[in-house]
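One line per chain: the protein sequences are H and D, in this order.
Numbered per the numbering used here, the first sequence finishes at 959, counting up by one with no gaps.
Numbered per the numbering used here, the second sequence finishes at 335, counting up by one with no gaps.
A quick write-up on the structure given underneath.
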Amino acid sequence: MKVLVFMKQVADTEARIIISSDQKTLEIENKYVVNFFDEFAVEEAIRIKESLKDVEIAVCTFAPRRAVEALRTTIAMGADRAFLIDSTNRETDDPLIVSRILAGFARKEGFDIILCGRQAMDDESANVGPMVAEFLSLPHVSHVVRLSVTDAGTAEVVSEIEGGRRVSEVSLPALFTAQKGLNEPRVPLITGVMKAMKTEIAIVDPAAIETPFGPIDSEASKITVLSYELPASRPAVRIIDGASPEEKAQNLVKALKDEAKVL
Amino acid sequence: MTRDVLVFIECRDSMPRKASLELLSVGRDMASKFSSTLLAVMLGSGLKEAADVVSRYADKTILVDNGSFADYGWDIYGSALEEILRKYEPMIVLGTSSVTGKDLFPRMAARLQAAMVSDAVGVDLGGEGVKIKKPLFGGKVISWLAPSSDSTVIVTFRPNSFAVADAGQRGDIIEEGAAGTRNPAMKTLSSEKTGSVKVDLQEADFIICGGRGMKSAEHFAVLDEIADLMGGRTGASRTVIDSKWREYDDQIGKSGKTVSPKLYIGCGLSGALHHIMGMDTSRVIVAINKDPNAPIFQYADYGIVDDLFAVLPPLRDQLKKTREEM
Chain H
697 MKVLVFMKQV ADTEARIIIS SDQKTLEIEN KYVVNFFDEF AVEEAIRIKE SLKDVEIAVC
757 TFAPRRAVEA LRTTIAMGAD RAFLIDSTNR ETDDPLIVSR ILAGFARKEG FDIILCGRQA
817 MDDESANVGP MVAEFLSLPH VSHVVRLSVT DAGTAEVVSE IEGGRRVSEV SLPALFTAQK
877 GLNEPRVPLI TGVMKAMKTE IAIVDPAAIE TPFGPIDSEA SKITVLSYEL PASRPAVRII
937 DGASPEEKAQ NLVKALKDEA KVL
Chain D
10 MTRDVLVFIE CRDSMPRKAS LELLSVGRDM ASKFSSTLLA VMLGSGLKEA ADVVSRYADK
70 TILVDNGSFA DYGWDIYGSA LEEILRKYEP MIVLGTSSVT GKDLFPRMAA RLQAAMVSDA
130 VGVDLGGEGV KIKKPLFGGK VISWLAPSSD STVIVTFRPN SFAVADAGQR GDIIEEGAAG
190 TRNPAMKTLS SEKTGSVKVD LQEADFIICG GRGMKSAEHF AVLDEIADLM GGRTGASRTV
250 IDSKWREYDD QIGKSGKTVS PKLYIGCGLS GALHHIMGMD TSRVIVAINK DPNAPIFQYA
310 DYGIVDDLFA VLPPLRDQLK KTREEM
């Protein structure tokens, strides 16, 4: 069985981000991590490998070369192979293009299961998983919190739905997006880190991937970024005075009612 | 393609969600700008009453109301929605960035090769076309995007992004008999409701959120009491979820939910960046913490520096009093 994991390297929460003076580009401090929800996807792939025989895990990302580091982290966790589809000078703002490229790679590489996080922490778009599934005509389940794969080629899946949870049975091949709670991602062991250092990460040119799902060139992008700006800042906090907690509570409610007008 | 605006309505307990009414309100502004028709699409079972509400916002409410649509699935909802979109050919489709929206619309965009922008929070209808406002990096940066208008555009918005306009004249309700097909590779074995009938966390106008300073699961009782009397919801920080004092469904922050209520009250929260990123867009932020140097005060409009266990009971009583005066 082959498990393919799509991973995105994203800016760390603490990374400083500077908007260029023409508001057209972003400069991101060099602090990157494996996307939070993708860690669950990698961990789940490793658990499938541990519970079934003959499972191979390949991790793939469409990213600039810096993401090799994040791919090494996934190898250190327990993935077998890693691929970086080089996004340098490529369109990355249109999720359709990103998904066509990843779907094309999956089609070439082969898979029984595709796993990815439910969304990326940087753009919170949650597009790529279901889009890839659509391009490959695969069933998908999003927001997965439990996954049991059988040798017989089916999976029993628990996923979050609006206002509840659903248990479904899905015939493989299929795509699943991981929600927090699916598992506890492991911290790589030193032996894993050593292996990751030695593993060769394949760099793939997107032009070498056949993508019969639509165009992938920059001209085909349907999304234009007009500008970036800082969010509106809040005025300084007003600390509510009062001789006692009761008085402070009273003064707060008064301010919320008369000043802020939210009560 | 027409220049019409189409809103996908989500219902909860057989009534339209507030987030969907928000979309109808901004959709009305778009339809006015393009001198076009505002369409609403409703898929489900037992939605006659909900359609009545929606028809007071939309020019045409397209209703697919039959038993096979009782349970959402991207397969059956997707095939019906695809049929409707191909028939009515709207220029722009508006949906909610909800669990359902995140599951359904990306597939729809791939199927129709439509421009897709998700998790947006605003629009600018001032110039040519429609400009979409979308936060990045947990709200550290705001981006403005222009989706190409050569083909259909699909945009999903976070709940609480727009005000709900007043209902207007009743529009037409058009019943469509879309068949909708289920994917044979998928079978639902069972489903359960987790949340009670409380308001959705992302749609709540009022949120009171507890952090590590709440000290135990039991202490959340007073927050629940306040949330209930305000018709809102209790939220929690990641530490609280990791300590299993509350369910993951309540988590506000980067690895949980992003919320923008009218009023957010943070209790015993230090204000870690990943939490701030989940609530920074709230209209008014109040922080209650005994540590005057807690970072949360840098993001708050109002602050109380005191022991929260001494502040919360009188705060509850004061809020109760204002509710009773209304």
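Glycine included, every Cβ here is placed at the ideal spot set by N, Cα and C.
Bear in mind the structure is a predicted one, so any value in this text is a computation, not a measurement.
Nearest CB-CB separation between residue 83 (chain D) and chain H: below the 9 Å threshold. If you look at residue 146 (chain D), you'll find it isn't in any beta strand (DSSP E); DSSP assigns it neither H nor E. At a Cβ-Cβ threshold of 9 Å, residue 828 (chain H) and residue 795 (chain H) count as neighbours. Listed along chain D, no residue sits closer than 7 Å to residue 705 (chain H) by beta-carbon distance, the nearest being about 14 Å off. A check of alpha carbon separations from residue 269 (chain D) across D:261, D:286, D:100, D:290 identifies D:290 as the nearest. Judged by beta-carbon spacing, residue 332 (chain D) lies within the 9 Å limit of residue 238 (chain D), meaning their Cβ atoms are closer than that value.
Excluding its 5 nearest sequence neighbours in each direction, residue 287 (chain D) has C-beta neighbours in its own chain below 7 Å: 261, 262, 263, 265, 266, 267, 268, listed in chain order. In the DSSP annotation of this structure, the continuous segment of the beta strand (DSSP E) that includes residue 311 (chain D) starts and ends at 311-314.
Interface criterion met: the Cβ of residue 153 (chain D) is under 9 Å from a Cβ in chain H. Around the C-beta of residue 940 (chain H), fewer than 16 other C-beta atoms lie within 10 Å, and the residue is accordingly described as exposed. Among the bridge pairs identified by DSSP, residue 782 (chain H) is matched with H:759. Under the rule that a run must span 3 or more residues, the beta strand (DSSP E) segments found entirely inside the stretch 109-162 of chain D read 124-129, 131-133, 140-145, 150-156. Closer than 9 Å to the CB of residue 146 (chain D) there is at least one CB belonging to chain H. Residues of chain H whose Cβ lies closer than 9 Å to the Cβ of residue 125 (chain D) are, in chain order, 790, 791, 792, 821, 823, 827, 918, 919. Interface residue (Cβ-Cβ distance to chain H less than 9 Å): residue 51 (chain D) is not classified as such.
Under the three-state reduction of DSSP output, residue 175 (chain D) falls in the coil class, being neither helix nor strand. The count of Cβ pairs closer than 8 Å, one atom from the stretch 71-89 of chain D and one from the stretch 177-191 of chain D, reaches three, so the stretches are in contact. Distance from the Cα of residue 272 (chain D) is smallest, within the candidate group D:328, D:228, D:314, D:317, for D:328. When secondary structure is reduced to three states using DSSP, residue 318 (chain D) falls in the helix class. Beta-carbon to beta-carbon, residue 895 (chain H) and residue 771 (chain H) are separated by about 5 Å, close enough to satisfy the 8 Å threshold. Straight-line measurement puts the Cα of residue 278 (chain D) at about 12 Å from the Cα of residue 309 (chain D).
Taken in chain order, the unbroken stretches of beta strand (DSSP E) that lie wholly in the stretch 841-913 of chain H and span 3 residues or more are 850-857, 860-867, 870-874, 898-900.
For residue 55 (chain D), there are no C-beta contacts with chain H under 8 Å, since the nearest C-beta of that chain is about 16 Å from it.
Under the Cβ distance rule, residue 866 (chain H) counts among the residues neighbouring chain D, one pair being separated by less than 9 Å. For residue 165 (chain D), the pairing in a beta bridge is given by DSSP as D:104. The shortest C-alpha to C-alpha distance from residue 203 (chain D) to any of D:47, D:258, D:67, D:224 is the one to D:258. For residue 42 (chain D) and residue 137 (chain D), the gap between their C-alpha atoms comes out near 10 Å. Between residue 165 (chain D) and residue 99 (chain D), the C-beta spacing is not below 9 Å. Only exposed fits residue 908 (chain H), as fewer than 16 other CB atoms lie within 10 angstroms of its CB. Taken atom to atom, the span from the alpha-carbon of residue 56 (chain D) to that of residue 65 (chain D) is near 15 Å. The C-alpha of residue 708 (chain H) lies about 34 Å from the C-alpha of residue 868 (chain H).
According to the DSSP secondary-structure assignment, residue 243 (chain D) is paired through a beta bridge with D:217. What residue 924 (chain H) touches in chain D, judged by beta-carbon distance under 9 Å, is 145, 150, 151, 152, 153, going in chain order.
Closer than 9 Å to the CB of residue 801 (chain H) there is not a single CB belonging to chain D. Taking residue 112 (chain D) as reference, the option from H:734, H:746, H:839, H:729 with the minimal CA-CA separation is H:839. Residue environment: residue 106 (chain D) is assigned as buried (16 or more neighbouring CB atoms within 10 Å of its CB, all protein chains considered).
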